[in-house]
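Participant:
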Amino acid sequence: MKTDIVIVGSGAAGLFCALHLPKEKQIVIVTKDVAKRSDSYLAQGGICVLKDEEDYPSFYEDTMRAGHYENNPQSVDVMINSSRAVIDELVSIGVRFERDGEGFAYTKEGAHSKPRILFHEDRTGKEITSHLLERARERENITIIEKFTMVDIIVDGDACRGIIGHDGEGKYSSIVADYTVFATGGIGGLFEHSTNYRHLTGDALAIALKHQIALQNIDYIQIHPTTLYGNREREFLISESVRGEGAILLNGKGERFVDELLPRDVVAQAIYREMEKEGSKHVWLSMKPIPEQVIKTHFPHILRHCLEEGYDVTKEPIPVVPSQHYFMGGIKVDEHSKTSMERLYAVGETACNGVHGRNRLASNSLLESLVFAKRAAKHVAENYQAGNPVHAPDIDAKTYENYQEKYKTAVLAAIEKERNSHE
Ligand SMILES: Cc1cc2nc3c(=O)[nH]c(=O)nc-3n(C[C@H](O)[C@H](O)[C@H](O)COP(=O)(O)OP(=O)(O)OC[C@H]3O[C@@H](n4cnc5c(N)ncnc54)[C@H](O)[C@@H]3O)c2cc1C
Numbered sequence: 019m020k021t022d023i024v025i026v027g028s029g030a031a032g033l034f035c036a037l038h039l040p041k042e043k044q045i046v047i048v049t050k051d052v053a054k055r056s057d058s059y060l061a062q063g064g065i066c067v068l069k070d071e072e073d074y075p076s077f078y079e080d081t082m083r084a085g086h087y088e089n090n091p092q093s094v095d096v097m098i099n100s101s102r103a104v105i106d107e108l109v110s111i112g113v114r115f116e117r118d119g120e121g122f123a124y125t126k127e128g129a130h131s132k133p134r135i136l137f138h139e140d141r142t143g144k145e146i147t148s149h150l151l152e153r154a155r156e157r158e159n160i161t162i163i164e165k166f167t168m169v170d171i172i173v174d175g176d177a178c179r180g181i182i183g184h185d186g187e188g189k190y191s192s193i194v195a196d197y198t199v200f201a202t203g204g205i206g207g208l209f210e211h212s213t214n215y216r217h218l219t220g221d222a223l224a225i226a227l228k229h230q231i232a233l234q235n236i237d238y239i240q241i242h243p244t245t246l247y248g249n250r251e252r253e254f255l256i257s258e259s260v261r262g263e264g265a266i267l268l269n270g271k272g273e274r275f276v277d278e279l280l281p282r283d284v285v286a287q288a289i290y291r292e293m294e295k296e297g298s299k300h301v302w303l304s305m306k307p308i309p310e311q312v313i314k315t316h317f318p319h320i321l322r323h324c325l326e327e328g329y330d331v332t333k334e335p336i337p338v339v340p341s342q343h344y345f346m347g348g349i350k351v352d353e354h355s356k357t358s359m360e361r362l363y364a365v366g367e368t369a370c371n372g373v374h375g376r377n378r379l380a381s382n383s384l385l386e387s388l389v390f391a392k393r394a395a396k397h398v399a400e401n402y403q404a405g406n407p408v409h410a411p412d413i414d415a416k417t418y419e420n421y422q423e424k425y426k427t428a429v430l431a432a433i434e435k436e437r438n439s440h441e
């Protein structure tokens with residue numbers, strides 16, 4: 019198959035990028051599972067926005083402090099200053115955020131010094147991404163191919179000219195393109211406990227390693243302090259905004275042991291310490307300080323899910339444990355989301371533009387994904403040059419035998435190496 023631009027991944031980043039590419043270009047989006055199975059659908063808490071000009075210094079400082087000041091200041095500035103335009107666009111395509119009279123209602127999460135997060139119940143990601151998917155499906159120039167897994171890229175000289183992958187039946191084929199965008203999300207599938215979908219296994223990172231495409235800070239991995247303790251495929255996240263609204267963490271004796279609004283990594287460390295001290299597999303989270311009405315209106319999904327697992331959060335504490343949640347590092351990109359390889363871009367969680375530094379501030383990732391996906395689209399459009407004719411490669415399926423296992427091993431080894439170099 020041949021197209022103008024191929025985008026790998028149908029989460030918020032991939033879809034927003036596609037929607038900002040010129041309508042006269044043919045775009046193919048491929049996705050490993052069905053289009054709706056992306057982490058973007060799972061985002062509960064919300065999306066940050068620059069509330070007003072006075073909020074800039076505090077938003078900037080909160081992002082930098084959470085990132086241990088290892089953030090790229092230019093990327094942080096771009097994200098914050100682009101936030102309102104992105105929110106306006108989302109509203110214009112039908113995304114609904116909670117309102118307070120005429121204006122928006124804002125909530126707060128850990129490490130935010132002010133409320134600046136827009137939300138839709140506790141399903142903000144689904145509200146945003148389902149609208150993006152709907153718009154993408156309406157576009158005649160965008161084709162979405164589900165259950166197509168990228169396993170490699172086509173390289174011509176110093177440029178990326180498309181991808182190689184297989185369909186649901188394991189049949190290999192290639193998609194030749196002038197430009198390729200990786201929007202493959204996080205790496206949760208590499209870990210035993212993660213809030214991510216299991217099919218998100220960092221495939222783009224493995225492919226980047228194979229082709230010497232630059233990576234950055236791949237050992238910067240965020241652990242979410244509060245996921246519901248239990249035995250399931252994907253850990254269920256108890257959003258940070260629950261603590262923002264007043265929920266408290268308790269040890270086995272029912273005592274508080276940490277300021278719940280400290281940055282995620284600090285809270286997660288405190289939980290691990292407490293678990294070790296007590297020899298327990300989890301700590302407790304009590305939503306008792308939150309008025310029942312607020313729980314019902316702001317956290318209906320969490321309320322319902324916990325009830326299904328046998329816990330009534332309006333009456334009793336729930337067992338929680340930290341889990342892998344977010345990937346701050348990734349494929350190194352510049353301010354236009356371009357990688358070190360010609361004609362190859364990376365956006366969303368799989369990319370690293372340095373916005374998050376060592377640790378992401380809650381609710382900055384959807385925003386970052388959208389802002390930098392749009393910038394990638396703009397850069398491709400402004401610099402578009404048709405590539406030299408490239409033949410679809412002959413694919414020997416044997417080359418990719420057991421690739422998933424091999425890729426997983428390669429990425430985990432690279433993370434370990436990076437961690438050692440940071441110590
Ligand atoms: C439970 C949970 C709650 C969250 N809450 C929030 C929140 O409140 N606010 C916030 O800002 N962020 C939140 N996040 C983080 C945020 O959802 C993600 O960082 C963001 O949505 C990433 O978007 P993305 O488009 O980069 O990746 P994703 O939405 O994960 O999409 C990745 C896509 O890549 C595809 N893919 C992967 N590998 C391949 C391959 N080899 N071939 C083909 N396709 C492939 C997948 O099928 C998928 O379509 C949360 C995350 C989780 C897991």
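Residue numbering for the sequence shown follows my numbering, starting at 19 and increasing by one per position. Note that CB positions come from ideal geometry on N, CA and C, so glycine has one too. Just so we're clear, the structure is a prediction, and the values are computed from it rather than from any experiment.
Would you list, in sequence order, the uninterrupted alpha helix (DSSP H) runs of no fewer than 4 residues that lie entirely inside the segment 43 to 117?
Facilitator: Whole alpha helix (DSSP H) segments, 4+ residues: 74 to 84, 91 to 110.
Participant: Below 8 Å on the Cβ atoms is my guess for residue 259 versus residue 64; work out the distance and round it to an integer in Å.
Facilitator: Here residue 259 corresponds to residue number 241 of the sequence shown, with the count starting at 1. Here residue 64 corresponds to residue number 46 of the sequence shown, with the count starting at 1. Confirmed, about 7 Å.
Participant: I believe residue 429 touches residue 208 by the beta-carbon criterion, under 8 Å. Please report the beta-carbon distance rounded to the nearest angstrom.
Facilitator: In the sequence shown, counting from the first residue as 1, residue 429 sits at position 411. In the sequence shown, counting from the first residue as 1, residue 208 sits at position 190. Right, the Cβ-Cβ distance comes to about 6 Å (below 8 Å), so this counts as a contact.
Participant: Within 10 Å of its beta-carbon, does residue 180 have 16 or more other beta-carbons around it, so buried, or fewer, so exposed?
Facilitator: Within the sequence shown, residue 180 is the residue found at index 162, counting from 1. That one is buried.
Participant: Could you check if residue 249 is buried or exposed, using at least 16 other CB atoms within 10 Å of its CB as the buried criterion?
Facilitator: Walking along the sequence shown from the start, residue 249 turns up at place 231. Residue 249 comes out exposed.
Participant: One question on the structure: do residue 28 and residue 53 come within less than 8 Å of each other, judged by their Cβ atoms?
Facilitator: On the sequence shown, position 10 is the one that residue 28 refers to. On the sequence shown, position 35 is the one that residue 53 refers to. Closer than 8 Å, so yes.
Participant: Leaving out five residues on either side along the sequence, give the residues of the same chain with a beta carbon under 6 Å from the beta carbon of residue 147.
Facilitator: Numbered from 1 along the sequence shown, position 129 holds the residue referred to as residue 147. Hits under 6 Å: 30, 58, 59.
Participant: Check whether the Cβ of residue 385 lies closer than 7 Å to any heavy atom of ligand 1, and answer yes or no.
Facilitator: Residue 385 sits at position 367 when you count from the first residue of the sequence shown. The answer is yes for residue 385.
Participant: Is it the case that the CB of residue 362 approaches a heavy atom of ligand 1 more closely than 7 Å?
Facilitator: By 1-based counting over the sequence shown, the position of residue 362 is 344. Flag unset: Cβ of residue 362 not near ligand 1.
Participant: Can you list the beta strand (DSSP E) stretches of 3 or more residues lying completely in the segment 339 to 396, in chain order?
Facilitator: For the segment 339 to 396, whole beta strand (DSSP E) runs of length 3 or above, ordered along the chain, are 348 to 350, 362 to 364.
Participant: What is the rounded straight-line gap between the Cα of residue 183 and the Cα of residue 140?
Facilitator: Translated into the one-based positions of the sequence shown, residue 183 becomes position 165. Translated into the one-based positions of the sequence shown, residue 140 becomes position 122. Looking at the two C-alpha atoms, the distance is approximately 35 Å.
Participant: DSSP three-state call for residue 436: helix, strand or coil?
Facilitator: As a first step, residue 436 is located in the sequence shown; it is residue number 418 there, counting from the start. Residue 436 falls in the helix class under three-state DSSP.
Participant: Check whether the Cβ atoms of residue 200 and residue 395 lie closer than 8 Å to each other.
Facilitator: Start at 1 with the first residue of the sequence shown, and residue 200 comes out as number 182. Start at 1 with the first residue of the sequence shown, and residue 395 comes out as number 377. Cβ distance not < 8 Å, so residue 200 and residue 395 don't count as in contact.
Participant: Under a Cβ-count criterion, where at least 16 other Cβ atoms within 10 Å of its own Cβ denotes burial, should residue 294 be classed as buried or exposed?
Facilitator: Position 276 of the sequence shown, counted from the start, is the residue given in the question as residue 294. Its Cβ having fewer than 16 others within 10 Å, residue 294 is exposed.
Participant: Kindly identify the DSSP beta-bridge partner or partners of residue 164.
Facilitator: Locating residue 164 in the sequence shown gives position 146, counting from the first residue. In DSSP, residue 164 forms a bridge with 49.
Participant: In the DSSP assignment, what are the bridge partners of residue 178?
Facilitator: By 1-based counting over the sequence shown, the position of residue 178 is 160. DSSP, once it has assigned bridges, lists 173 as partnering residue 178.
Participant: Quick one: is the Cβ of residue 367 within less than 7 Å of any heavy atom of ligand 1?
Facilitator: Here the question's residue 367 lines up with position 349 in the sequence shown. It does: the Cβ of residue 367 is within 7 Å (strictly closer) of some heavy atom of ligand 1.
Participant: Per the DSSP calculation, residue 234 is bridged to which residue(s)?
Facilitator: The count along the sequence shown starts at 1 and reaches residue 234 at position 216. According to DSSP, which records beta bridges pairwise, residue 234 is partnered with 348.
Participant: Assign residue 210 to one of two classes, buried (16 or more other C-beta atoms within 10 Å of its C-beta) or exposed (fewer than that).
Facilitator: Looking up residue 210 in the sequence shown gives position 192. With fewer than 16 other Cβ atoms within 10 Å, it is exposed.
Participant: Is it buried or exposed for residue 68, if we count other Cβ within 10 angstroms and need 16 for buried?
Facilitator: In the sequence shown, residue 68 corresponds to position 50, counting from 1. Looking at its Cβ environment, which holds 16 or more other Cβ atoms inside 10 Å, residue 68 is buried.
Participant: Residue 304 bridges to which residues according to DSSP?
Facilitator: Within the sequence shown, numbered from 1, the residue matching residue 304 stands at position 286. Note: residue 304 sits in a beta bridge opposite 266.
Participant: Can you name the residues that DSSP bridges to residue 333?
Facilitator: Position 315 of the sequence shown, counting from 1, holds the residue named residue 333. None, per the DSSP bridge assignment.
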